[in-house]
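By the count of my numbering, the sequence shown reaches residue 1278 at its end, each step adding exactly one. Even for Gly, the Cβ is constructed at its ideal location relative to N, Cα and C. Note that the coordinates shown come from a computational prediction; the quantities given were computed from them, not determined experimentally.
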Amino acid sequence: MHGLTQQQQTVYNFIRQQMIARGYGPTVREIGQHMEIKSPNGVMCHLRALEKKGMIRRSANKSRAIELTEPLPRPDWALAVNGTISRAEIRVSQQALHSVDLLASLGTGDQFLLEVSDDSLNSAGIQCGDLMILRKGQQPATGKIILATTAVTGAVALGHCHAHNGRLLVQPLDTHQAPAIINPQDIIAVATGVLRLWNSSPPTNS
């Protein structure tokens, strides 16, 4: 592969494995530990060689800014929909009606999770233990649920976003909080979904 030495290939394979497993590359220190190279300069020598041979791209002053030039395999997050649930009946089919690609449903962009730690969002149908999925950025947010810094107090607000006299009004999901007026640049992220995982263990009887 592009005339790599054995050590360069080992470094490349480690970077690739880490990016597939966790979504970002290893640090110089992690590469050194894996390769048993004590000097960071020794690792940098391999990285410069991989970059020169067109195997990776690097950004200056960022410890994890290593990108592969080859496309990585995309995880298969598609699940089959085998039925429907309604008030009238529950239908379960042996054949998939269609499939849903969970990863594609999230879209693209820099996303992160916030864990709900109490019942403050119950009125919005969001429960304690749920994980809110948010996409960073100041994209158009009117009518969506946003995370923003309030202009007056600097506190962080989470709620529905509405246009208001040339600015934005955040109606909090927590009904005990007051609405807040913000500017578009105060938006931290826009919510894209909620992930709810149920404990597989049977509930204990009190």
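Out of M1127, L1151, I1157, T1156, which has the shortest C-alpha to C-alpha gap to P1279?
-> The chain is shown only over 1073 to 1278; residue 1279 falls outside these bounds and no answer can be derived.
When the Cα atoms are used, what is the spatial distance from E1102 to D1246? Translated into positions along the sequence shown, residue 1102 becomes position 30. Translated into positions along the sequence shown, residue 1246 becomes position 174. Taking the straight line joining both Cα atoms gives about 42 angstroms.
Report task. For Q1257, count neighbouring Cβ atoms within 10 angstroms of its own Cβ and tell me buried if that reaches 16, exposed if not. Result -> Here residue 1257 refers to the residue found at position 185 of the sequence shown. Answer is exposed; the Cβ neighbour count stays below 16.
How should G1097 be labelled, buried or exposed, when 16 other C-beta atoms within 10 angstroms of its C-beta is the threshold for buried? Within the sequence shown, the letter at position 25 stands for residue 1097. Classification for G1097: buried.
Checklist line | Residue(s) in a DSSP beta bridge with C1233 | finding: As a working mapping, residue 1233 is identified with position 161 in the sequence shown. The partner list for C1233 (beta bridge, DSSP) reads V1242.
Taking DSSP as the reference, what is the three-state secondary structure of D1258?
The sequence position of residue 1258 within the sequence shown is 186, counting from 1. In the structure shown, D1258 sits in a helix (DSSP, three-state: H, G or I).
**Contact belief for A1150 with S1171 at Cβ below 8 angstroms, rounded distance in angstroms** = If you number the sequence shown from 1, residue 1150 lands on position 78. If you number the sequence shown from 1, residue 1171 lands on position 99. About 5 angstroms; that satisfies the 8 angstroms criterion.
Problem set entry | G1114 - DSSP class collapsed to helix/strand/coil | Translated into the one-based positions of the sequence shown, residue 1114 becomes position 42. G1114 falls in the helix class under three-state DSSP.
task = Determine the contact status of R1239 and I1253, defining contact as a CB-CB distance below 7 angstroms.
result = Here residue 1239 refers to the residue found at position 167 of the sequence shown. Here residue 1253 refers to the residue found at position 181 of the sequence shown. Yes, the pair counts as a contact, with Cβ atoms nearer than the cut-off.
Check your understanding: Thinking C-beta only, is Q1243 closer than 7 angstroms to H1232?
Key -> Taking the first residue of the sequence shown as position 1, residue 1232 is located at position 160. Taking the first residue of the sequence shown as position 1, residue 1243 is located at position 171. Their beta carbons are under 7 angstroms apart, which means H1232 touches Q1243 by this criterion.
Taking C-alpha atoms, which residue in I1218, L1193, N1085 lies nearest to G1201? Position 129 of the sequence shown, counting from 1, holds the residue named residue 1201. Checked all of I1218, L1193, N1085; the closest Cα to G1201 is L1193.
Quick check: what's the CA-CA separation for K1124 versus G1181? Here residue 1124 refers to the residue found at position 52 of the sequence shown. Here residue 1181 refers to the residue found at position 109 of the sequence shown. About 29 angstroms.
Whole angstroms are fine: how far does the CA of L1203 sit from the CA of S1278? Here residue 1278 corresponds to residue number 206 of the sequence shown, with the count starting at 1. Here residue 1203 corresponds to residue number 131 of the sequence shown, with the count starting at 1. Model confidence at S1278 stands at a pLDDT of 46, short of 50, so the residue's coordinates are unreliable; what they give is reported in the following sentence. About 27 angstroms.
A1227 and A1220 closer than 7 angstroms at C-beta
Here residue 1227 refers to the residue found at position 155 when the sequence shown is read from its first residue. Here residue 1220 refers to the residue found at position 148 when the sequence shown is read from its first residue. Contact flag unset, no.
* Closest residue to S1177 among I1205, A1160, Q1167 (Cα-Cα distance) -> Here residue 1177 refers to the residue found at position 105 of the sequence shown. Per the Cα distances, I1205.
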